[in-house]
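Everything in the sequence shown is counted per our numbering, starting at 3 for the first residue and increasing by one.
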Amino acid sequence: MILHLLLLQIVLLTLTIFYFFCASLAQMSKFYSLIWNEMASSKKTTAEEFCLEPFVFVPYESSFRHEDVVSGTFLSLEEVYWDDSTFFVDQIKEIHHQCNSTVGNHGGPINRILSNFYPALHEFFVDICGVFQVFRKWADGLQSGMSAEDIVYLKDSLTRMECTVLPTVQDKWVSLHPSYGLLCWCDDKKLKKQFMHMDGLDFLYSGGLSNDDEETLSAKMSVLMRNLGIPALSKVVTREAMFNGPTESSFKAALLDWALPYAQRFLHSLHPDKYSQLKQSGFDILNRLRVVEVKKLSYRNVIKIAGSESKKQIECSCVLQV
């Protein structure tokens, strides 16, 4: 079995040296199925060992029969994805001329959605080879060397009013133009439930994902979203204190004033890096800290930039309100 796999790997490496390659999807499906069966029989060979080079055949054309011989290229696992459940790619194709999107060498973006080409090989590509199930080219681009100019260009394109290529959970397509309101990506499902149907607020739709895929997507997308100016929901939500019955709090305020210098020394001693960051961001805010003691305290979550307020009140023992 190991010999068979080695021969298959040699054949595959020979094929992938050609930038311009012709084959039918029926032929390539049989080839990948053979690799899959051989890998299943060999416990010593993993997908990581086998898939070191670009080996996924993707046609340049989009309209053809499964048996037709077509020209294409080989892409790595990081360059393809299984499905586009957000229909993001279709939207890009519709308006890439208006938004000046980058096109491939053959007149348009290469279709990287493997479910369109190899529908019977989901387990092989997703479970065995680790192909992600949703579009993540931009996120991977940041890690593989996307330049600052590329990020600026991408952000400028998405800010255009007509470049509505960002899908939302409210079943709308929007851009980052201010007229569409605030667009966030969800990193907290509980907060999302509180603000789901608020006016002037939309959530980026990432497709129907499993919990594991959501965690992977969040980890990969957080840097990308920050660079594009799409905030995480938790970063725009603040707590608004709601209370009644203010009482005398001079003793608690004096106690806090006494304890703060010791807390600063403790932080400087054990976490000097964190202390330096806080010092640069401004420790002087502590001088403006006010302590208020009340009989009953709760808070509600608000998004000031969107003018949205949650109706849910949560009882608590303390609230830090900026």
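C-beta: ideal position from N, C-alpha, C; glycine also.
For clarity, every value in this text was computed on a predicted model and none was experimentally measured.
For a cut-off of 8 Å, the C-beta gap from Ala243 to Leu288 is around 18 Å, too long to register as a contact.
The Cβ atoms of Ala261 and Trp187 lie no closer than 8 Å to each other.
Counted as a single uninterrupted DSSP element, the stretch harbouring Gly202 is not any beta strand (DSSP E), since DSSP gives it neither H nor E.
Around the beta-carbon of Asn246, fewer than 16 other beta-carbon atoms lie within 10 Å, marking it exposed. For Asn39 and Phe76, the gap between their C-alpha atoms comes out near 21 Å. When DSSP states are grouped into helix, strand and coil, Ser312 belongs to the coil group. In chain order, Leu269, His270 place their CB closer than 7 Å to the CB of Tyr277, counting only its own chain and leaving out the 5 sequence neighbours on each side. The beta carbon of Met163 sits closer than 7 Å to those of Ser177, His179, Ser181, all from its chain and outside the five residues before and after it, given in chain order. A distance of 8 Å or more separates the beta carbons of His68 and Ser35. In this structure, DSSP gives Trp175 an extended state, which the three-state scheme calls strand.
Here Leu79 really is in contact with Val58; their C-beta atoms are around 7 Å apart, less than 8 Å. The alpha carbon of Lys157 has as its nearest neighbour, out of Met227, Trp175, Asp204, Val133, the alpha carbon of Met227. Sequence-distant partners of Phe127 (beyond 5 residues in either direction) whose C-beta falls short of 7 Å from its own C-beta, in its chain, are Trp84, Leu116, Tyr120, Val133.
One alpha carbon belongs to Val154, the other to Val225, and they sit about 14 Å apart.
A distance of 8 Å or more separates the beta carbons of Leu184 and Leu168.
Secondary structure note for Phe59: its beta strand (DSSP E) is the uninterrupted segment 58-61. Beta-bridge partners assigned by DSSP to Leu185: Asp204.
Contact check for Phe23 and Ser73: beta-carbon distance about 7 Å, within the 8 Å limit, so the pair qualifies. Counting the other Cβ atoms within 10 Å of the Cβ of Phe66 gives fewer than 16, which makes it exposed. Taking all protein chains shown into account, Arg114 has 16 or more neighbouring C-beta atoms within 10 Å of its C-beta and is therefore buried.
Of Ala265, Lys194, Ile307, the smallest CA-CA separation from Gln172 is found for Lys194. According to DSSP, Ala122 shares a beta bridge with no other residue. Taking the C-beta atoms as reference points, Leu322 is found no nearer than 8 Å to Val293. Ser252 is classed as exposed because its beta carbon has fewer than 16 other beta carbons within 10 Å across all chains shown.
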